[in-house]
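Everything below concerns the one structure shown next.
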Amino acid sequence: MECHQYQPLHSRRDFLSRTGLGLGAVALSQLLGTGPVQAAGGLPGLPHFKPKAKRVIYLFQAGGPPHLDLFDPKPVLDKRFDEDLPDSVRGNQRITGMVTAQARLALQPSKFKFEQSGQSGQWISEVLPYTRKIADELCVIRSMHTEAINHDPAITMLQTGSQQPGRPSIGAWLDYGLGSLNENLPSYMVMCSVPSKGTPDQGLLSRLWGSGFLPSRHQGVQLRGGSDP
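Using the working numbering, you'd call the opening residue of the sequence shown number 20 and step up by one each time.
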């Protein structure tokens, strides 16, 4: 059919031949123009460098063993065992209610022995013999600290960056800034432990993986137990 000809009806073959190129161009533009950031509405210009990790599994274990018994040896505590906590260390800091009734604040080291493991010489406790075998695959950060002295404010600080509830969680900020790899799926999922007998609650409250003051689409999606999560 020439362009100067008027033909009110088109055959199916003629229609497909003339519209196929246009439909293909639209599909190609969607495939090329929708990156991970645009798909979920992430902020433009992020990330600042080419990412290597495609997914992250973040394990938060409330009530787990203390760092002093796992990856953080304190040789000074071994030397000063049973000495009173120096005023220069405590200063004007509050103490937790769990120790206010104690007659004295004595220094107590870990009960377990530490050894350097792997080529990196990572210090790991004897309670983690299998972890010692993969010491060179671990990155242990010992420089982080918080001023919180009670469990709940400290947990809130770890998950949201603030001791006060109501702030966005780590996952919410990542989704807000980086977006999702799939606009049809949640950017991150949450799995909570099932309360055991005598423990009516679990440590990972919903506000710890919520979106805070960000839009609710940035919050985590909790998987339920059972056959239909």
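Yeah, the Cβ is synthetic: ideal placement off N, Cα and C, and Gly gets one too. Computed from a predicted model, the values in this text were never measured in an experiment.
Extent of the continuous beta strand (DSSP E) to which residue i belongs
i    : result
L9   : Because the chain in this structure spans residues 20 to 248, residue 9 falls outside the shown range and cannot be described.
V209 : 208-210
Local Cβ density within 10 Å of residue i, reported as buried at 16 or more and exposed below that
i    : result
D106 : exposed
Y149 : exposed
D194 : buried
D247 : exposed
L13  : An answer regarding residue 13 cannot be provided, because it is not within the stretch 20 to 248 covered by the chain.
I174 : buried
G245 : exposed
A154 : buried
S129 : buried
T165 : exposed
S162 : exposed
Pairwise C-alpha distance: residue j and residue i
i    : j    : result
A122 : H237 : 48 Å
V75  : P66  : 16 Å
T119 : E202 : 52 Å
A191 : G239 : 7 Å
G82  : Q138 : 31 Å
S199 : N169 : 34 Å
Q127 : G110 : 19 Å
E134 : V95  : 16 Å
Q178 : L197 : 18 Å
First and last residue of the uninterrupted alpha helix (DSSP H) at residue i
i    : result
I174 : 170-179
K98  : 94-98
S107 : 106-109
W228 : It is not in any alpha helix (DSSP H) - W228 carries neither H nor E in the DSSP assignment.
L190 : The displayed chain sequence assigns Gly, not Leu, to residue 190. Residues 189-197.
Checklist entry - If we count Cβ pairs, one from each stretch, closer than 8 Å, do we get three or more for the region 203-211 versus the region 157-167? => result no
Item to check | Sufficient close CB pairs (3 or more, under 8 Å) joining the region 139-151 to the region 84-103 | outcome: yes
Item to check | Contact the region 175-189 vs the region 231-241: 3+ CB pairs below 8 Å | outcome: yes
Next on the checklist: Quick check on the DSSP output: what are the complete beta strand (DSSP E) runs of length 3 or more inside the region 114-180, in order along the chain?
Outcome noted: 133-136, 141-144
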